[in-house]
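Structure record follows, encoded as structure tokens.
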Amino acid sequence: MHYGNIFFGWVFMLVWWVLIITAIVVFIKWLIEQFGEKKEGPAAKQAMDILKERYARGEIDKKEFEEKKKDLMG
Numbered sequence: 001m002h003y004g005n006i007f008f009g010w011v012f013m014l015v016w017w018v019l020i021i022t023a024i025v026v027f028i029k030w031l032i033e034q035f036g037e038k039k040e041g042p043a044a045k046q047a048m049d050i051l052k053e054r055y056a057r058g059e060i061d062k063k064e065f066e067e068k069k070k071d072l073m074g
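With full-length UniProt numbering, letter number 67 in the sequence shown gets 67, and the count goes up by one each step, no holes.
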């Protein structure tokens, strides 16, 4: 007679655990982004942009560009 209520309880419990697990995964990703080792930060991007501009203007040749790019990328 009241099988609908039991079914609703199981669905609610399933949705609840999916939300909890999703929140944990999102939190872990956020922690990794905030405190993880960043290979390329804003300073490296800015330096790479400057390097590309210098190469485009002809101030440095391809060999020097590749060497400096390798240094910036670590």
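All residues carry an ideal CB built from backbone N, CA and C; glycine is no exception. Note that the coordinates shown come from a computational prediction; the quantities given were computed from them, not determined experimentally.
Residue from the options whose Cα sits closest to the Cα of residue i
i, options, result
"tyrosine 55", "Phe65, Gln46 and Ala47", "Phe65"
"methionine 48", "Ile32, Ile28, Met73 and Glu33", "Met73"
Distance cut-off 6 Å: residue i Cβ against heavy atoms of the ligand FAD
i, result
"valine 25", "Within the structure as shown, the ligand FAD is missing, as the structure has no ligands at all."
Runs of alpha helix (DSSP H) lying entirely within the UniProt domain "SHOCT" (47-73), each at least 4 residues, in chain order: Runs of the alpha helix (DSSP H) inside the UniProt domain "SHOCT" (47-73): 62-73.
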